[in-house]
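Structure record follows, encoded as structure tokens.
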Amino acid sequence: MGSVTAMVSVLLLAILLIIFLILKVRLHAFVALIVACMFVGFAMGMPLAKIGTSIEAGMGGTLGFLATVLGLGTILGKMLEISGGSERLARTLINALGKQRAHWAMMVVGFIAGIPVFFQVGFVLLIPLVFSVALETGMSVAMIGLPLVIALQTVHSIVPPHPAAMAISVLLGADVGKVIMYGLLIGLPGAIIAGPIFAKYLPKMDDVKPPIHLVKTERLSDDSLPAFGITLFTILLPLLIMVLKTIIELNFPKDAAFMPGVNFLGNPITALLISVFCAYWTLGLARGLNMKQILAYTDQCFGPVAGILLIIGAGGAFNRVLIDSGLGVGLGKVLTGLQLNPLVMAWIVSLIMRASVGSATVAMITSAGIIIPVLASYPGLDPALVCIAIGTGAMGLSHVNDSGFWIVKEYFGFSLIDMFKSYTVAITLASFIGLLGTLAVAKLLGQI
């Protein structure tokens, strides 16, 4: 199949097939992506044997690195969960900022605590705190909870070691330290504006009575919680190590005698392994747990990540089939011919995919595969900025096909209309602000 029009038609049909299989047939995203891989292979006339090997190579190449990183990152999140570290962060920040600024404190808690934990885990972990703080301060659940949710989703989409953010960093060949720095810098303004500032001006919503089982009636004693400083240090340690590597690389020659050691320590696998052992001590052994208990908690944390790994692997396979089939070349010509800023293009593609399939992870992985052929026409563009553009795009337009949408709705007890007025509008606002921030950083760095 040679014509560009035919190639683009195959891609569009593949995307529609993914959407149909996920939303209508109710297939798991992993299965839907593998079916789409085979459809592209058949439609592009790939040899049958080549289709299977291409899928295998895409899965293996993507997961070979990510499985280790995500496994270690999941342990960090579990240690934060069992130690009460999130409550310590919230309590300290609310005391420091005052109850009248509790919505700001919850945004900061979500932004920090969301670094090592998945969106759904962080939300379920912190939701009792939302209701308790709302009752204690007299603020609405929306005003307290929305800043937390927006911050969690922002970090989940654009800051490694979160699965999709790390996956597209690998696929695009981006420096992970740069992605972290750009993600934190660009994500924070969006979390602030779409969180506590937007929440203050929310349209009137029905009062929500917090479910009794989700309200913490008994406050844990300060002595039973880890110290604020050590909790914050443990959460941020992997980011500090990886960002420090990037800073050193920017300021010293690559052939310096100490660079091999810096590269080893700053590798995400090494950085996360160091951080896991640190968490085992600071949030575990130092607080009375023994290694048998820690082993049990470690075993518990791997189950939830398995499905995400399969989706990411299938996304990598889809990307590989696009390249091996020759479809990527034709796609690159079409997108380049649109004369759009490549960062805006990446954001739009990701936003459309997010609105279509619901899952931010699927949207990001698929969008990376679509955008990669375009980057050849922009050799000077930092792929880390492309990662952020894709991640911010995948944040927006959350609606009824997004599982996270329903989690927030059911826990908060909002009506469907209230969810659209609050969460959907807020997360899309954060997405747009993220695009503006990405473009501003790119302009500042002379990338566009």
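1 is the number of the first residue of the sequence shown in our numbering; add one for each residue after it.
Note that CB positions come from ideal geometry on N, CA and C, so glycine has one too.
Is it right to say H213 is buried, meaning 16 or more other beta carbons lie within 10 angstroms of its own, or is it exposed?
-> Note that H213 scores 48 on pLDDT, short of 50, meaning its location in the model is unreliable and no value can be drawn from it.
Cβ-based burial, S359 [other Cβ within 10 Å; buried from 16] | buried
Short Cβ contact (8 Å threshold) for V159 with I180 | yes
Take A14 and list the residues in its own chain whose beta-carbon comes closer than 6 Å to its own, dropping the five residues that flank it on each side.
-> Spatial neighbours of A14 in its own chain (CB-CB distance under 6 Å, excluding positions within 5 residues in sequence) are listed in chain order as A36, F39 and V40.
C-alpha distance - Q100 paired with T137, whole-angstrom precision = 7 Å
Which value, in whole angstroms, describes the spacing of the CA atoms of M166 and A96?
-> 33 Å
Helix or strand or just coil, what does DSSP make of V109?
-> Helix at V109.
Who are the Cβ neighbours of G307 in its own chain at under 8 Å, not counting the five residues just before and after it?
-> Contacts found: H28 and F30.
Please report how far the alpha carbon of L375 lies from the alpha carbon of P163, in whole angstroms.
-> 22 Å
Is it buried or exposed for Y201, if we count other Cβ within 10 angstroms and need 16 for buried?
-> exposed
Look at the alpha carbon of A237 and the alpha carbon of K245, and state the distance between them as a whole number of angstroms.
-> Contrary to the premise, residue 237 reads as Leu rather than Ala in this sequence. About 13 Å.
A384 and Y182 look like a contact to me (Cβ under 8 Å); what is the Cβ gap, rounded to whole Å?
-> 6 Å
Alpha carbon to alpha carbon, how far is L17 from M1? Give it in angstroms, no decimals.
-> In this prediction, M1 scores a pLDDT of 49, lower than 50, which makes its location untrustworthy; no coordinate-derived value is stated.
Given S398 as reference, the closest of A355, I311 and A227 once Cα atoms are compared = Ranking the options by Cα distance to S398, first place goes to A355.
Just reading off the alpha helix (DSSP H) that K254 is part of, what are its end residues?
-> K254 -> no alpha helix (DSSP H), and no H or E assigned at all.
How big is the Cα-Cα spacing for M294 and W406?
-> In the sequence as presented, Met is not what sits at residue 294; that position holds Ile. Answer to the nearest angstrom: the Cα atoms are 32 Å apart.
Look up F432 in the DSSP assignment and say whether it is helix, strand or coil.
-> helix
Is P161 helix, strand or coil by DSSP?
-> coil
Should S367 be labelled buried (16 or more other beta-carbon atoms within 10 Å of its own) or exposed?
-> buried
W281 versus A227: straight-line alpha-carbon distance, rounded | 13 Å
Residues near T217 in its chain [Cβ-Cβ closer than 7 Å; skip 5 each side] | Bear in mind that a pLDDT of 49 at T217, under 50, signals an unreliable position, so the model cannot answer this.
State yes or no: is the C-beta of G110 within less than 8 Å of the C-beta of A151?
-> yes
Own chain residues within Cβ distance below 6 Å of L435, not counting five before or after | Excluding positions up to five away in sequence, the list reads W347 and T392.
Integer-rounded CB distance, given that F131 should sit under 8 Å from V149 = V149 to F131, Cβ: 13 Å. No contact.
Beta-carbon spacing of I371, Q153 below 8 Å = no
Give every residue of the same chain whose Cβ lies closer than 6 Å to the Cβ of M353, excluding the five residues on either side of it in the sequence, and list them in chain order.
-> Excluding residues within five positions, the ones whose Cβ falls inside 6 Å are A363, T366 and S367.
Taking DSSP as the reference, what is the three-state secondary structure of V10?
-> helix
How many angstroms separate the CA atom of L444 from the CA atom of G396?
-> 25 Å
Determine the closest residue to F302 out of G77, T234, V25 and K178, with distance taken between C-alpha atoms.
-> G77
Compare the beta carbon distance of Y378 and P342 with 8 Å and say whether it is the shorter of the two.
-> yes
Going by C-alpha distance, which of Q300, D402, T234 and A317 is nearest A449?
-> Lying before the first or after the last residue shown, residue 449 is absent from the chain, which here runs from 1 to 448.
Quick one: Cα of S9 to Cα of G326, how far?
-> 14 Å
Tell me where the alpha helix (DSSP H) around F30 begins and ends.
-> A29 to A43
Do L265 and A257 have their CB atoms nearer than 8 Å?
-> no
G145 versus Y423: straight-line alpha-carbon distance, rounded = 10 Å
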